[in-house]
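Read the structure below first, then the notes.
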Amino acid sequence: MYKIIKVTSKNRSELSSQLSNLKKQIVYPLGKSTFTIEHGNDYFAYYENMGKMHYWCVVKNGEVIGSACGIVKSLELGGRAWYLCDLKVDKNYRGQGIARKLFRKIYLYMFIRYRIFRVYAISMNDPLNEGEGCKKLIYISNNFLKEKGNLEFFLLTKEQYVFYKQYLDEYSLTHTRGIKDIVFDRSSSGAEIYHLNRQKLSNITFEELPNDAYITISTYSKSELSKLFIHDGILPEGSAKVLTSYSAKNRPYIATDQV
1 MYKIIKVTSK
11 NRSELSSQLS
21 NLKKQIVYPL
31 GKSTFTIEHG
41 NDYFAYYENM
51 GKMHYWCVVK
61 NGEVIGSACG
71 IVKSLELGGR
81 AWYLCDLKVD
91 KNYRGQGIAR
101 KLFRKIYLYM
111 FIRYRIFRVY
121 AISMNDPLNE
131 GEGCKKLIYI
141 SNNFLKEKGN
151 LEFFLLTKEQ
161 YVFYKQYLDE
171 YSLTHTRGIK
181 DIVFDRSSSG
191 AEIYHLNRQK
201 LSNITFEELP
211 NDAYITISTY
221 SKSELSKLFI
231 HDGILPEGSA
241 KVLTSYSAKN
251 RPYIATDQV
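For the sequence shown, full-length UniProt numbering begins at 1 and goes up steadily by one.
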């Protein structure tokens with residue numbers, strides 16, 4: 001039998017190392033290539049950086065076989081929701097309803113503690129298996145989550161960032177170095193990845209950017225920014241389905257440093 005436990009200050013260190021090993025099973029799609037994620041020495045630092053984190057692990061015989069995270073977030077048009085992320089189950093235990101139990105656990109916790117019933121999540125689009133991840137999230141949530149939009153990810157060079165900066169004044173440069181390192185083909189040469197986020201203030205300046213840096217930005221499909229990039233021949237490097245339990249009019253803002 002397995003049990004679902006909440007991450008606390010007492011079990012944090014032990015669970016952190018196990019989750020890092022479990023994460024190695026997951027390869028994410030991005031355009032025609034893929035990437036993996038490394039979270040450094042403290043697995044949870046990245047999720048705490050996004051907001052109030054509540055994290056659960058599924059443990060069997062002392063081994064972590066699944067996990068999910070809920071982060072309390074404020075919505076741009078008012079109200080709060082929780083962001084379901086890092087939902088994963090060991091490949092040897094999939095198909096046993098573990099992900100559904102995790103979702104219910106977090107949903108009840110968020111409702112009882114915060115009176116938050118709205119939830120959102122994203123599912124990276126896999127060119128080889130379009131929409132499969134989205135269908136799984138809908139199933140896991142017992143049809144509570146519905147697809148509400150498509151998020152596109154653009155990758156800019158430093159030179160391109162300078163050219164489009166007039167359209168990006170509301171964004172700040174951020175990075176997740178050390179707490180979430182993205183390892184994929186385009187960065188295998190050592191180029192650093194930066195993010196544009198319009199909800200965070202940062203002291204990172206343009207002058208600090210290495211010449212070979214890549215700057216990532218997310219925007220919903222058919223937004224003015226998306227249309228501008230595509231018109232100029234800059235196509236999305238990847239995309240993700242956004243699922244919410246509430247109106248599409250209040251879709252969440254999700255920066256690339258939150259994916």
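Quick reminder that beta carbons are idealized off the backbone N, C-alpha and C, glycines included.
Original post:
Where do the N-terminal and C-terminal ends of the beta strand (DSSP E) with Y214 fall, by residue?
Top reply: 214-220
**OP:** Taking all protein chains shown into account, decide if S9 is buried (16 or more other Cβ within 10 angstroms of its Cβ) or exposed.
**Re:** exposed
Subject >> DSSP state of Q175 mapped onto helix, strand, coil >> reply: For the record, residue 175 in the displayed sequence is His; it is not Gln. Residue state, collapsed to three classes: coil.
**OP:** Could you tell me whether the region 239-255 touches the region 119-134, where touching means 3 or more Cβ pairs closer than 8 Å?
**Re:** yes
Subject >> E14 versus K73 - alpha carbon distance >> reply: 27 Å
Original post:
Using a Cβ-Cβ cut-off of 8 Å (strictly less than) and excluding sequence neighbours within five positions of I116, which residues of its own chain qualify?
Top reply: V72, R80, A81, W82, M110
Original post:
Which stretch, first to last residue, makes up the alpha helix (DSSP H) that contains G133?
Top reply: 132-140
Subject >> Local conformation of K60 per DSSP, three classes >> reply: strand
Subject >> Candidates L243, D212, P210, Y167, of which the one nearest E224 by Cα >> reply: Y167
Original post:
Pick from D42, G95, P252: whose alpha carbon is nearest that of D181?
Top reply: D42
Original post:
Can you tell me whether DSSP reads S187 as helix, strand or coil?
Top reply: Here S187 scores only 46 on pLDDT, less than 50, and its place in the model should not be relied on; the value that follows carries that caveat. DSSP places S187 in helix when its eight states are reduced to three.
**OP:** Would you please state the rounded distance, in angstroms, between the beta carbons of Y220 and L155? I believe it to be under 8 Å.
**Re:** Rounded, the Cβ-Cβ distance is 17 Å, inconsistent with contact.
**OP:** Compare the C-alpha of E147 against each of G131, K158, I217, E159 and name the closest.
**Re:** G131
**OP:** Mind reading off the beta-carbon distance from W56 to I138? Whole number of angstroms is fine, and I expect it under 8 Å.
**Re:** No, W56 and I138 are not in contact; Cβ-Cβ is about 21 Å, not under 8 Å.
Subject >> Cα-Cα separation, K60 to S67 >> reply: 12 Å
**OP:** Identify whether E237 lies in helix, strand or coil by the three-state DSSP scheme.
**Re:** coil
**OP:** Quick one: using the 10 Å Cβ neighbour count with 16 as the cut-off for buried, is T84 buried or exposed?
**Re:** It should be noted that the sequence gives Leu, not Thr, for residue 84. Buried, by the Cβ-count rule.
**OP:** Count the C-beta pairs between the region 169-178 and the region 197-212 that are closer than 8 Å, then say yes if the count reaches three, no if not.
**Re:** yes
Original post:
Grouping DSSP H, G and I as helix and E and B as strand, with all else coil, what is A255?
Top reply: coil
**OP:** Below 7 Å CB to CB, which residues in the same chain sit around F35 once its five sequence neighbours on both sides are set aside?
**Re:** Y28, I182, V183, F184
**OP:** In angstroms with no decimal places, state the Cα-to-Cα distance between L209 and N11.
**Re:** 37 Å
**OP:** Could you spell out the range, first to last residue, of the beta strand (DSSP E) harbouring N150?
**Re:** 146-157
Subject >> Limits of the alpha helix (DSSP H) - the one that K101 falls within >> reply: 98-114
**OP:** Put R12 into one of helix, strand or coil per three-state DSSP.
**Re:** helix
Original post:
Counting along the chain, where does the alpha helix (DSSP H) carrying A248 start and finish?
Top reply: That residue, A248, is in no alpha helix (DSSP H); it is neither H nor E in DSSP.
Subject >> Outcome for E207 when other beta-carbon atoms lying within 10 angstroms are tallied against a minimum of 16 >> reply: exposed
Original post:
Quick one, which of Y161, Y164, I193 has its alpha-carbon nearest T176's?
Top reply: I193
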